[in-house]
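Per our numbering, residue 1101 is the first one in the sequence shown, and the count goes up by one each step.
All residues carry an ideal CB built from backbone N, CA and C; glycine is no exception.
Computed from a prediction, not measured in an experiment: that's the story for all the values here.
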Amino acid sequence: MLALPLALLAAAPPPAAAQDALGAYYDKLQPARGVYSLRQRSGDTTGAVMSGRMTVAGRLTCEELVTEMIMDIRVSGSGQNVALKLEQKANESRDGRIYRFSTVTYENGRESERREGQAVLQSRTGPGEAKIRGAAGEDLKLEPGTILPGTHMLRIMEAAAAGKKELEHRIFYGLDQMRITNSRVTIVAAGRSGKEKALGEFADKPGWTIKEEHKEIGGTPGGAAQSSEAFITEDGVTTALAISVQGLELQGTAVSIEKLPRPDCRK
């Protein structure tokens, strides 16, 4: 999609031991596709009435994690009805060094924003460089300690399995109002997923309730953080979630979750 300096692409990979530290959790990930209905949570004071659906798919190849999300939201209030749609796709290399993403937003069927970009880190924990292309282009330097979304997820799984309760990361997402975030994670409790039929093979599975709060670095002073609470199984599948974005509260309920095939990477 976008070309980055080849010097970063040619940077030496981290030692094998560093790569393998999270590799065990990468191998535990179960590719899956989930469909969730979205409903406004009680107590929302925005005055808008919202509902919709979200489809999320996580796929693995032998080299990378691929995530795709489509969210359709209907908003009514103040005599207006608006249909919003967000399409998002991201690819991240297994070693947590290369990340590509694209997002397209539609309002009442018309494209309102398109954004895409790429980041390359010298190691799983930076430093690196990123390019974003949208309404305006941005070239960013990523400080040491910056990680990518896949590494963030694997570290959550690692921390939860070790019984830790909190962690904090600086993450490059590249998204509008979420370019680079300070993200705080609270692992609320271990437990089991629900037993609803819609969860399929992921019903009554061990996992954790996890809260996340993302605040954009350099964002608007006093800007609202984006937060979520989800139950995630030990193989990385979300079975229930709640989302808070700019004061809007949505509850996600699984309509269906299906297992997708794992890649055969034997040589």
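| query | Count the other CB atoms within 10 Å of the CB of Leu-1360; is the residue buried (16 or more) or exposed (fewer)? | reply | Looking up residue 1360 in the sequence shown gives position 260. Exposure of Leu-1360 is indicated by the presence of fewer than 16 other C-beta atoms within 10 angstroms of its C-beta.
| If you draw a straight line from the alpha carbon of Ile-1287 to that of Asn-1191, how long is it in whole angstroms? | For this step, residue 1287 is matched to residue 187 along the sequence shown. For this step, residue 1191 is matched to residue 91 along the sequence shown. In a straight line, the C-alpha of Ile-1287 is about 26 Å away from that of Asn-1191.
| Closer than 7 Å, CB to CB, is Arg-1284 near chain B or not? | Within the model displayed, chain B is absent; a lone protein chain is all it includes.
| task | Give the DSSP bridge partners of Phe-1272, in chain order. | result | Residue numbering aside, residue 1272 sits at position 172 when the sequence shown is read from its first letter. Phe-1272 is bridged to Ile-1280.
| C-alpha distance - Gln-1277 paired with Glu-1316, whole-angstrom precision | Taking the sequence shown and counting its residues from 1, the one referred to as residue 1277 is at position 177. Taking the sequence shown and counting its residues from 1, the one referred to as residue 1316 is at position 216. Taking the straight line joining both Cα atoms gives about 6 Å.
| said: I need the DSSP call for Lys-1231, collapsed to helix, strand or coil. | reply: Here residue 1231 is taken as the residue at index 131 of the sequence shown, counted from 1. Assigned with DSSP and collapsed to three states, Lys-1231 falls in strand.
| task | Could you give the DSSP three-state label for Lys-1185: helix, strand or coil? | result | What you label residue 1185 is simply residue 85 of the sequence shown in a count that begins at 1. Secondary structure of Lys-1185 (DSSP, three-state): strand.
| Does DSSP classify Thr-1251 as helix, strand or coil? | Residue mapping note: residue 1251 aligns to position 151 of the sequence shown, counting from 1. Annotated three-state conformation of Thr-1251 is helix, per DSSP.
| request: Reducing DSSP to helix, strand and coil, say where Ala-1123 ends up. | output: Taking the sequence shown and counting its residues from 1, the one referred to as residue 1123 is at position 23. Contrary to the premise, residue 1123 reads as Gly rather than Ala in this sequence. Residue state, collapsed to three classes: helix.
| query | Cβ-heavy atom distance between Ile-1232 and the ligand NAP below 6 Å? | reply | Looking for the ligand NAP in the displayed structure turns up nothing, as the structure carries no ligands at all.
| query | Taking the alpha-carbon positions, what's the Lys-1265 to Ile-1170 distance? | reply | Counting from one through the sequence shown, the residue named residue 1265 turns up at place 165. Counting from one through the sequence shown, the residue named residue 1170 turns up at place 70. Rounded to the nearest whole angstrom, the C-alpha separation of Lys-1265 and Ile-1170 is 31 Å.
| request: Determine, using beta carbons only, whether Ser-1176 and Val-1156 come nearer to each other than 7 Å. | output: Taking the first residue of the sequence shown as position 1, residue 1176 is located at position 76. Taking the first residue of the sequence shown as position 1, residue 1156 is located at position 56. Result no, Cβ atoms of Ser-1176 and Val-1156 do not sit closer than 7 Å.
| said: List, from N- to C-terminal side, the beta strand (DSSP E) runs of 3 residues or more that fit wholly inside the stretch 1296 to 1323. | reply: Here the runs fully enclosed are 1306 to 1316.
| For His-1314 and Phe-1331, the rounded distance between their alpha carbons | Here the question's residue 1331 lines up with position 231 in the sequence shown. Here the question's residue 1314 lines up with position 214 in the sequence shown. Their Cα atoms are separated by approximately 18 Å.
| query | Using the rule of at least 16 other Cβ atoms within 10 Å of the residue's Cβ for burial, across every protein chain shown, is Glu-1358 buried or exposed? | reply | Position 258 of the sequence shown, counting from 1, holds the residue named residue 1358. Classification for Glu-1358: exposed.
| said: So for Lys-1241, helix, strand or coil by DSSP? | reply: Residue mapping note: residue 1241 aligns to position 141 of the sequence shown, counting from 1. For Lys-1241, the three-state secondary structure derived from DSSP is strand.
| request: Quick one: give me the first and last residue of the beta strand (DSSP E) that Ser-1151 is part of. | output: Here the question's residue 1151 lines up with position 51 in the sequence shown. Unbroken beta strand (DSSP E) run through Ser-1151: 1149 to 1160.
| request: State the Cα-Cα distance for the pair Pro-1363 and Glu-1164, rounded to the nearest angstrom. | output: Stepping through the sequence shown from its first residue, residue 1363 is reached at position 263. Stepping through the sequence shown from its first residue, residue 1164 is reached at position 64. Using only the alpha carbons, I get a separation of about 11 Å.
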